[in-house]
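Enquirer: Those protein sequence lines, which keep their order, are chains U and E. Quick note on our numbering: the first sequence kicks off at 1 and runs consecutively. Quick note on our numbering: the second sequence kicks off at 1 and runs consecutively. Would you mind keeping the following structure in view while I ask a few things?
2 protein chains.
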Amino acid sequence: MARFDTNRSAEMEVFVRVVDLGGFTQAARKLRLTPSGVSKLISRLETRLGSRLINRTTRKLTLTEEGQAFYQRAVRILGEMEEAEREAASGSAPRGRLTVNSNIPFGMLHVMPLIPRFLEQHPDVTLDLVLTDTLIDLMQERADVAIRVGPLRASRLVARKLGTSRMVVVGAPNYLARFGTPKTPADLADHRGIGWTFPRTIRGWPFKRGDRTEEAVPPPVARVSDGEAARRLALGGAGLARLALFHIGPDIEAGRLVPVLQSYNPGDREDIHAVYVGHTAPLPARVRAFIDFLAEHVRVSDPALKRAGDGRWTLMG
Amino acid sequence: MARFDTNRSAEMEVFVRVVDLGGFTQAARKLRLTPSGVSKLISRLETRLGSRLINRTTRKLTLTEEGQAFYQRAVRILGEMEEAEREAASGSAPRGRLTVNSNIPFGMLHVMPLIPRFLEQHPDVTLDLVLTDTLIDLMQERADVAIRVGPLRASRLVARKLGTSRMVVVGAPNYLARFGTPKTPADLADHRGIGWTFPRTIRGWPFKRGDRTEEAVPPPVARVSDGEAARRLALGGAGLARLALFHIGPDIEAGRLVPVLQSYNPGDREDIHAVYVGHTAPLPARVRAFIDFLAEHVRVSDPALKRAGDGRWTLMG
DNA sequence: ATCATTTGTGACGTGAATTCAACATGGCCC
DNA sequence: GGGCCATGTTGAATTCACGTCACAAATGAT
Numbered sequence: 001m002a003r004f005d006t007n008r009s010a011e012m013e014v015f016v017r018v019v020d021l022g023g024f025t026q027a028a029r030k031l032r033l034t035p036s037g038v039s040k041l042i043s044r045l046e047t048r049l050g051s052r053l054i055n056r057t058t059r060k061l062t063l064t065e066e067g068q069a070f071y072q073r074a075v076r077i078l079g080e081m082e083e084a085e086r087e088a089a090s091g092s093a094p095r096g097r098l099t100v101n102s103n104i105p106f107g108m109l110h111v112m113p114l115i116p117r118f119l120e121q122h123p124d125v126t127l128d129l130v131l132t133d134t135l136i137d138l139m140q141e142r143a144d145v146a147i148r149v150g151p152l153r154a155s156r157l158v159a160r161k162l163g164t165s166r167m168v169v170v171g172a173p174n175y176l177a178r179f180g181t182p183k184t185p186a187d188l189a190d191h192r193g194i195g196w197t198f199p200r201t202i203r204g205w206p207f208k209r210g211d212r213t214e215e216a217v218p219p220p221v222a223r224v225s226d227g228e229a230a231r232r233l234a235l236g237g238a239g240l241a242r243l244a245l246f247h248i249g250p251d252i253e254a255g256r257l258v259p260v261l262q263s264y265n266p267g268d269r270e271d272i273h274a275v276y277v278g279h280t281a282p283l284p285a286r287v288r289a290f291i292d293f294l295a296e297h298v299r300v301s302d303p304a305l306k307r308a309g310d311g312r313w314t315l316m317g
Numbered sequence: 001m002a003r004f005d006t007n008r009s010a011e012m013e014v015f016v017r018v019v020d021l022g023g024f025t026q027a028a029r030k031l032r033l034t035p036s037g038v039s040k041l042i043s044r045l046e047t048r049l050g051s052r053l054i055n056r057t058t059r060k061l062t063l064t065e066e067g068q069a070f071y072q073r074a075v076r077i078l079g080e081m082e083e084a085e086r087e088a089a090s091g092s093a094p095r096g097r098l099t100v101n102s103n104i105p106f107g108m109l110h111v112m113p114l115i116p117r118f119l120e121q122h123p124d125v126t127l128d129l130v131l132t133d134t135l136i137d138l139m140q141e142r143a144d145v146a147i148r149v150g151p152l153r154a155s156r157l158v159a160r161k162l163g164t165s166r167m168v169v170v171g172a173p174n175y176l177a178r179f180g181t182p183k184t185p186a187d188l189a190d191h192r193g194i195g196w197t198f199p200r201t202i203r204g205w206p207f208k209r210g211d212r213t214e215e216a217v218p219p220p221v222a223r224v225s226d227g228e229a230a231r232r233l234a235l236g237g238a239g240l241a242r243l244a245l246f247h248i249g250p251d252i253e254a255g256r257l258v259p260v261l262q263s264y265n266p267g268d269r270e271d272i273h274a275v276y277v278g279h280t281a282p283l284p285a286r287v288r289a290f291i292d293f294l295a296e297h298v299r300v301s302d303p304a305l306k307r308a309g310d311g312r313w314t315l316m317g
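Given below as structure tokens:
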């Protein structure tokens, strides 16, 4: 049941074509219709409007007063529709404002360095980069892309894997000197932890015992809203934190932070994904371009941690 | 085969409604559609444009960058369409420029006097009144209405009868004094006639002989393009002319023109019609109004010619 | 965790629009 | 003036897009 029967845009288009070409038949040819179809369409339009637009004999067309006015308006309107749709269409070149949301460590270390090149490649794109570790609602925040670390909640969001990061539990030397170094996950109960103000998908820190994984977490002495803040606290000796290796690698090599319980989580990794609302309708060009760009250029090195003979940790690979 | 498949106007309308009301379901209610229909329509639009316009969860709608822009344009365009159609529609009151074509005598004597009242009744109508006795092509001249005297050629034009006028062959007294008064149509061969520069539907002057009608016409000494010119020539004694009684009635009564051959054409009449292009599509309101106005107010008196005892002619009735 | 509401999807039927064929009309050239 | 070509119009058959229906998925609230 075609409830929305009258397609006024088609009527206008045909009408304009008829006027431009000066005949039903020629218009029909151009529009890949039959003259009959054009005739009926114009008649429909006129009947619907309740007034004659074109006086026609077999040889000549003449516009009525109304036809004149309608023609001019129609041309304008069609042009504007064309423009509106072309503008909205994910036309050729990516353009518009791209809103990206990333957690702070990854954003600072891996996204930001890529931005200049991306913007250079796509001059018509402007970028809003929001760095926050808080989970945001993509739609509510009008973000096009979010970068998330860790397991994803099932949703209609589409994720593109950007890399993997080893996670390490660390403490500052002065902290460890004061509270001791935990030997087993169970020891964490007597330690101080740095936690998050926002809900994470996993609650505790995963540790492997045999082939089982168990979670443990030290009682939090502080909770912060982003990884960089956690790192700063850890550096200051406030407590233990579980952070991404790409984030604190330099601190470990410099000896400012010391990994603990390494034997329990040799394979503790979290995936890094670019997440976007997808699949129901086509993606704006700028979003696709950005995702592709990230996937191609982001290289999260995932070195192994090795302990040297002198007790110092180094990153290999 | 709906070759003109996409009715972009409907898409825009639904899209705008969805945005305005903030939900597919509410939009569907308002548009008397099912939510499913709305969903599909929006999806179609997005697919066609190749980019997502609305990010949607079950509870919230958010416009993408493209959606924003498209919405604003769409609102504007829909408004303009509305305006264009309303303007073109033979809405309520007649308006616009009305082009009327009339022959000169009838126009001067019967149309012009009515014009002020008509314009007063329809303030939004402006009038172009072209007085010419030449047959014009209604469409080519962009005339809405033409007033024609005499038999109509078959055409798709629609005619509304406004009245009838007795036709009289007349000559000025000084002409008759010089060339004599014709007693029979055959005598016309020895007279001088005033003819027309434009083709008329009847060639000669009709005269009744018994119940047969024959045509005769004096050799033209002059040909003019309108009835008023013919009258002037006749008044000046240039020759005989066949003119409408409503036109030269006063001249006859004043004795400036004298009817001849009256016994041969007692019923020589020509109908007066308002003619307009019609019936395929609705008539613009101003045209209908004008036709109706004419039909109602034009009263062509059709008096009988009587000859008094002193040889003078008078008009009766 | 369950429920209520909203959006998305597959299959189906409808009907409005287009086509096809035949007819009317007008213009043009000889 | 008359036949021919091109054009616009009409009536009946056909078809293809669009919306509905029923069901599934997902999301937010209680």
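Positions of the beta carbon are idealized from the N, C-alpha and C atoms, including for glycine. The structure displayed is predicted, hence computed values, not measured ones.
Give the interface partners of M81/U over in chain E, defined as CB-CB distance under 7 Å, in chain order.
Expert: Under the 7 Å cutoff, chain E gives R8 and I77.
Enquirer: Mind checking who D271/U pairs with in its DSSP beta bridge?
Expert: T164/U, per the DSSP bridge assignment.
Enquirer: Out of curiosity, what's the CA-to-CA distance linking R32/U and L78/U?
Expert: Approximately 19 Å between the Cα atoms of the pair.
Enquirer: So what's N174/E in DSSP terms, helix, strand or just coil?
Expert: Of the three classes helix, strand and coil, the one that applies to N174/E here is helix, per DSSP.
Enquirer: With DSSP as the reference, identify every bridge partner of G96/E, one or two as the case may be.
Expert: Paired residues: V125/E.
Enquirer: Closest to G236/E by CA distance: which of R288/E, G171/E, I272/E and I252/E is it?
Expert: The option with the nearest alpha carbon to G236/E is G171/E.
Enquirer: Is the CB-CB distance between F162/U and I272/U below 8 Å?
Expert: According to the sequence displayed, residue 162/U carries Leu and not Phe. Yes, Cβ-Cβ distance for L162/U and I272/U is below 8 Å.
Enquirer: Pull the bridge partners of P206/U from the DSSP assignment, please.
Expert: Answer by DSSP bridge pairing, in chain order: E215/U.
Enquirer: According to DSSP, which residues form a beta bridge with M316/E?
Expert: Its beta-bridge partners are A304/E.
Enquirer: Within 8 Å, do at least three Cβ pairs link the stretch 237-254 of chain U to the stretch 185-198 of chain U?
Expert: Cβ pair count under 8 Å is three or more, so yes.
Enquirer: Indicate the three-state DSSP secondary structure (helix, strand or coil) for P113/E in the structure shown.
Expert: Correct three-state label for P113/E: helix.
Enquirer: Report all residues from its chain with a CB closer than 8 Å to the CB of S51/U; omit the five preceding and five following residues, and keep chain order.
Expert: Cβ neighbours of S51/U beyond the five flanking positions: T64 and E66.
Enquirer: Put T181/U into one of helix, strand or coil per three-state DSSP.
Expert: In the structure shown, T181/U sits in coil (DSSP, three-state: anything other than H, G, I, E or B).
Enquirer: From the DSSP output, in three-state form, read off A289/U for me.
Expert: Helix, per DSSP.
Enquirer: Using a threshold of 8 Å, state whether the C-beta atoms of S227/E and L233/E are closer than that.
Expert: Reading off the sequence shown, one finds Gly at residue 227/E, where the question assumed Ser. Not a contact, by the Cβ cut-off of 8 Å.
Enquirer: Cutting at 8 Å between CB atoms, please list the residues of its own chain near R299/E, excluding the five before and the five after it.
Expert: Closer than 8 Å at Cβ, skipping near neighbours: G163.
Enquirer: Indicate the three-state DSSP secondary structure (helix, strand or coil) for L61/U in the structure shown.
Expert: Note: L61/U maps to strand in three-state DSSP.
Enquirer: Please return the same chain residues whose Cβ sits closer than 8 Å to the Cβ of A2/U, not counting the five positions on each side in sequence.
Expert: A caution first: A2/U carries a pLDDT of 49, below 50, which makes its placement in the model unreliable, though a value can still be read off. Excluding positions up to five away in sequence, the list is empty.
Enquirer: Alpha carbon to alpha carbon, how far is R8/U from R59/U? Give it in angstroms, no decimals.
Expert: Taking the straight line joining both Cα atoms gives about 27 Å.
Enquirer: If you compare alpha carbons, which of R48/E, D310/E, A89/E and S225/E is closest to R48/U?
Expert: Considering only alpha carbons, the answer is A89/E.
Enquirer: With a CB to CB cut of under 7 Å and the five nearest residues on each side skipped, what residues in its chain are close to N55/U?
Expert: Excluding residues within five positions, the ones whose Cβ falls inside 7 Å are T62 and T64.
Enquirer: How about V318/U and V169/U: are their beta carbons less than 8 Å apart?
Expert: Given a span of 1 to 317 for chain U in the structure shown, any question on residue 318/U remains unanswerable.
Enquirer: Within 10 angstroms of the Cβ of P173/U, are there 16 or more other Cβ atoms? Answer buried if so, exposed if not.
Expert: By the neighbour-count rule (16 or more Cβ atoms within 10 Å), P173/U is not buried but exposed.
Enquirer: For the stretch 96-116 of chain E against the stretch 112-126 of chain U, do three or more pairs of beta-carbon atoms, one drawn from each stretch, fall closer than 8 Å, so that the two count as touching?
Expert: Segments in contact, no.
Enquirer: Tell me, please, which residues DSSP counts as bridged to P35/U.
Expert: Per DSSP, none; premise fails for P35/U.
Enquirer: Please confirm whether L188/U and V217/U have their CB atoms less than 8 Å apart.
Expert: For L188/U and V217/U, yes; Cβs fall inside 8 Å.
Enquirer: Taking Cβ to Cβ, would you say A69/U is nearer than 8 Å to M12/U?
Expert: Contact: no.
Enquirer: Evaluate L152/E with the Cβ neighbour count: other Cβ atoms within 10 Å of its Cβ, from every protein chain shown; 16 or more gives buried, anything less gives exposed.
Expert: Flag for L152/E reads exposed.
Enquirer: For the alpha helix (DSSP H) holding P250/E, just list the boundary residues, first then last.
Expert: Run containing P250/E: L245 to A254, per the alpha helix (DSSP H) assignment.
Enquirer: By the three-class DSSP mapping on this structure, what secondary structure does L21/U have?
Expert: Residue state, collapsed to three classes: helix.
Enquirer: Thinking just about the alpha-carbon of each residue, which of R212/U, V130/U, E214/U and W205/U is nearest to the one in P220/U?
Expert: Of the candidates R212/U, V130/U, E214/U and W205/U, the one whose C-alpha sits nearest the C-alpha of P220/U is W205/U.
Enquirer: Distance check for G22/U and I115/U, CA to CA, integer angstroms please.
Expert: Near 54 Å, if we compare the C-alpha coordinates of G22/U and I115/U.
Enquirer: My output table needs one value for R8/U: the three-state DSSP class, helix, strand or coil.
Expert: Three-state DSSP puts R8/U in a helix.
Enquirer: For A238/U, report the span of its alpha helix (DSSP H) as first-last.
Expert: Neither: A238/U is in no alpha helix (DSSP H) and is coded neither H nor E.
Enquirer: So what's L53/U in DSSP terms, helix, strand or just coil?
Expert: Correct three-state label for L53/U: coil.
Enquirer: When the cut-off is 8 Å and only beta carbons count, does G22/E lie next to chain U?
Expert: Not an interface residue.
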